[in-house]
Every structure is written in C-alpha cells, then in structure tokens.
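> This note's numbering applies: residue 1282 is where the first sequence begins, and numbers increase by one. Even for Gly, the Cβ is constructed at its ideal location relative to N, Cα and C.
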Amino acid sequence: MPELPEVETYARELRPHLVGRRIRAVTIRWPGVVEQAAPADFAVALQGQQIINVARRGKYLLFPLQSGATLIVHLRMTGNLTVTSATDAADLHTHIVLELDDGRALHFNDPRKFGRFWLTADPQTVVGNLGPEPLDGAFTAQELAARVRKRAAPIKAVLLDQTVVAGLGNIYADEVLFAARIDPRRPANSLEHGEVLRLHAAIRSVLTEAIRASGSSLRDYRPPLTARGRFQEQFQVFRRTGEPCRRCGAPIERIRLAQRSTHFCPVCQR
DNA sequence: ACCACAACCTGGCCGC
DNA sequence: TGCGGCCAGGTTGTGG
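Okay, structure coming up:
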C-alpha cells in the first residue's frame, strides 16, 4: 500500500508517540511477519527495549532501539500501524502487538499478510540495496541521469526499481511521469538531458506535495492520527482512466506496463 | 540486463 | 444471494 509519502506520514505521526517509550511485551499472532530471526528470539530481543527514534528509508520504517539494534517494518500493500489505547483488542488481522510502558500499544494490522518486520544490529542488511533518497539534497539530476542512462527498460519500470531511487510506487511513478510530461513506455536510456531534469524536478515536487497532503488514501491507508491522506484529490492521472486530462482535456489512458496498471495522458506525455 | 510470470495473501467489486 | 473472475498502493524468486 504505502509509498514514500505515506510512510513518511507514518514516521512523522508515530514519532511523538513512540520516542522514549519502552516495549513492555511483544505478542506475535502470526509468525510469518517476522523475517530473519525466529519469532521467539525476535520477541525476546525486543522486549524491554526503549525506542529512541522513528525514521524512514525508502518505504521502510526504522525504529532504532537502545540496545543498538533496529526494528524495521515494511508495510507492503495493506499493512497498517496504529497506536491504540490499552483497551483496544487485537482484531482478526492484527499480527503483532507491542505493548508500551505508557499503557498503550502499537498494533500491526495487515489483511494480506505481506508486511514484514526485521530486528537487526545492522540496518544495511535490510535497506542496503536501496537507491538514493529522492528528497535528500545529495540526490541530484546528475545522479539520476547516470542511473537512468544505464537502463533500456521503460522509464516507468525503472522508477519502480527501488535500487534506482527509493520510495516511488505505482501511484507516484505515474504522477511523476505526468508532471515531467514523459511517456511511461519510453526506454529510460532514450531520455534527453532536459527530460531527465524535468523528471528529477517532478520526483521532488510530487513527493513533497504528497507529503504535505499526508499521502494518498485509497482503500486501506489511513495515517495514525490524521483522518485520511488527501493527495488522491490532486491525482492527475492515477485511476483517472477515461477522464479528461486536467492539462489538455484528452482522455487518460490505462495500459499494462511492468505488470502494473499504468495511467498517462497520450497527448501531454511523449 | 531485461522480461514474463508466479508466489505471497485477503477482500472488494463487478457481472452473471 | 452466491459464485467466479479480476483487481489491488509491494517485493522476491525463477526461468527464459
């Protein structure tokens, strides 16, 4: 479900509730969530730990702990984290419960069971393959150009590759390509210099605006505190098949690309 | 290096 | 109502 803006919203909203809290107890209701470690070892290592920060890298949430280890969470398609009051019971799809020392709990909820938890001394073993953070000052148009130049695949597929740039998913890849006015089917290495500059600017502006709107709420995503993300109200192409392009009026088209639904304006995006 | 496809899972929606 | 088919914001692995 969540892409960079949604995960960033989670980090910002969870941070004030979790930093400084100690994990009093760990309940694993569906062990498939836990990667790398045996679930029992995971629970034991987590218990009693104080959370010292809530951070984000790409679409991953990172919770550095006092022990020096880091709890890492990926929500995948339908994963969800909620700070609940003590009386809130786990429901059918609550797979992990972390009881906190203030009487509340952090619930991980995921109907599709795709989301994953890691507990590791070295976060690089989990997030080490990610490409640059698109909103970091170090992510320049030159760096994007160097990465895009090496790939012959359609630019949409390349934007979805987390080792190229971290954090774009199906929504924001489509929205970014519309903003840059680039046809999603274009071979990445065919982009001209000016187009790469537009793409770089579009990645940063679309993601920044989406974070400002607390992300996009379609079906499942719901920020922990904010009622809903609002960026879906600003979609230019995503799930607007057949509706008029807001720029030129032509009907938005939908195709299948890289096994994903892809939405674009056939007139504005060349 | 790239692509197609399957797998991981469940639920919502649509048409019949 | 019920059922089959299709779709879904992600990632990983296999095989060609």
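1) Can you name, in chain order, every residue of its own chain whose Cβ lies under 7 angstroms from the Cβ of residue 1518, other than the five neighbours on each side?
2) Excluding sequence positions up to five away, which residues of its chain have a Cβ less than 8 angstroms from the Cβ of residue 1424?
3) Measure the alpha-carbon distance for residue 1255 versus residue 1362 and round it to whole angstroms.
4) Within a Cβ cutoff of 8 angstroms, which residues of the same chain sit near residue 1433, ignoring the five residues on either side of it in sequence?
5) With C-beta atoms as the reference, is residue 1367 less than 9 angstroms away from residue 1385?
6) Please classify residue 1498 as buried or exposed, where buried requires at least 16 neighbouring CB atoms within 10 angstroms.
7) Using the beta-carbon count (16 or more within 10 Å), is residue 1531 buried or exposed?
8) Roughly how many angstroms separate the alpha carbons of residue 1332 and residue 1303, rounded to a whole number?
9) Find the nearest neighbour of residue 1310 within the set 1441, 1317, 1394 and 1536, judged by alpha-carbon distance.
10) First and last residue of the alpha helix (DSSP H) that includes residue 1345?
11) With DSSP collapsed to three states, give me the class of residue 1386.
12) Distance, Cα to Cα, residue 1402 vs residue 1349?
13) For the candidate residues 1549, 1520 and 1551, whose alpha-carbon lies nearest to that of residue 1537?
14) Leaving out five residues on either side along the sequence, give the residues of the same chain with a beta carbon under 6 angstroms from the beta carbon of residue 1316.
15) For a quick check, are the C-beta atoms of residue 1505 and residue 1295 less than 9 angstroms apart?
16) Have a look at residue 1418 and residue 1442 and give me their C-alpha separation to the nearest angstrom.
17) So, are the CB atoms of residue 1484 and residue 1439 less than 9 angstroms apart?
18) Are the CB atoms of residue 1463 and residue 1551 nearer to each other than 9 angstroms?
If we stick to the structure as given:
1) As a working note, residue 1518 is residue 237 in the first sequence. Leaving aside the five residues that flank residue 1518 on each side, the residues in its chain whose CB is nearer than 7 angstroms to its CB run, in chain order, 1455, 1456, 1459, 1533, 1544, 1545 and 1546.
2) Position 143 of the first sequence, counted from the start, is the residue given in the question as residue 1424. Around residue 1424: 1413.
3) No statement about residue 1255 is possible, as the shown extent of the chain runs from 1282 to 1551 and does not include it.
4) Residue numbering aside, residue 1433 sits at position 152 when the first sequence is read from its first letter. Cβ neighbours of residue 1433 beyond the five flanking positions: 1468, 1469 and 1470.
5) What you label residue 1367 is simply residue 86 of the first sequence in a count that begins at 1. What you label residue 1385 is simply residue 104 of the first sequence in a count that begins at 1. Yes.
6) As a position in the first sequence, residue 1498 is number 217, starting the count at 1. By the neighbour-count rule (16 or more Cβ atoms within 10 Å), residue 1498 is buried.
7) By one-based count along the first sequence, residue 1531 stands at place 250. Answer is exposed; the Cβ neighbour count stays below 16.
8) Sequence index remark: in the first sequence, residue 1332 carries index 51 (1-based). Sequence index remark: in the first sequence, residue 1303 carries index 22 (1-based). Rounded to the nearest whole angstrom, the CA to CA distance from residue 1332 to residue 1303 is 6 angstroms.
9) In the first sequence, the residue the question calls residue 1310 occupies position 29. Taking only the C-alpha atoms, the option nearest residue 1310 is 1394.
10) Residue 1345 sits at position 64 when you count from the first residue of the first sequence. Taken as a continuous stretch (DSSP letters only), residue 1345 belongs to no alpha helix (DSSP H), being part of the beta strand (DSSP E) at 1341-1345.
11) Along the first sequence, read from residue 1 onward, the residue named residue 1386 stands at position 105. Assignment of residue 1386 by DSSP, reduced to helix, strand and coil, places it in the strand class.
12) Position 121 of the first sequence, counting from 1, holds the residue named residue 1402. Position 68 of the first sequence, counting from 1, holds the residue named residue 1349. Residue 1402 and residue 1349: Cα-Cα distance of roughly 7 angstroms.
13) Within the first sequence, numbered from 1, the residue matching residue 1537 stands at position 256. Checking every option, the nearest Cα to that of residue 1537 belongs to 1520.
14) Translated into the one-based positions of the first sequence, residue 1316 becomes position 35. Excluding sequence neighbours, residue 1316 sits near 1397 and 1399.
15) Locating residue 1505 in the first sequence gives position 224, where the first residue counts as 1. Locating residue 1295 in the first sequence gives position 14, where the first residue counts as 1. Contact flag set, yes.
16) As a working mapping, residue 1418 is identified with position 137 in the first sequence. As a working mapping, residue 1442 is identified with position 161 in the first sequence. The straight-line gap from Cα to Cα measures roughly 20 angstroms.
17) For the purposes of this step, residue 1484 is identified with residue 203 of the first sequence, where counting begins at 1. For the purposes of this step, residue 1439 is identified with residue 158 of the first sequence, where counting begins at 1. The answer is no: Cβ separation not under 9 angstroms.
18) Translated into the one-based positions of the first sequence, residue 1463 becomes position 182. Translated into the one-based positions of the first sequence, residue 1551 becomes position 270. A distance below 9 angstroms separates the beta carbons of residue 1463 and residue 1551.
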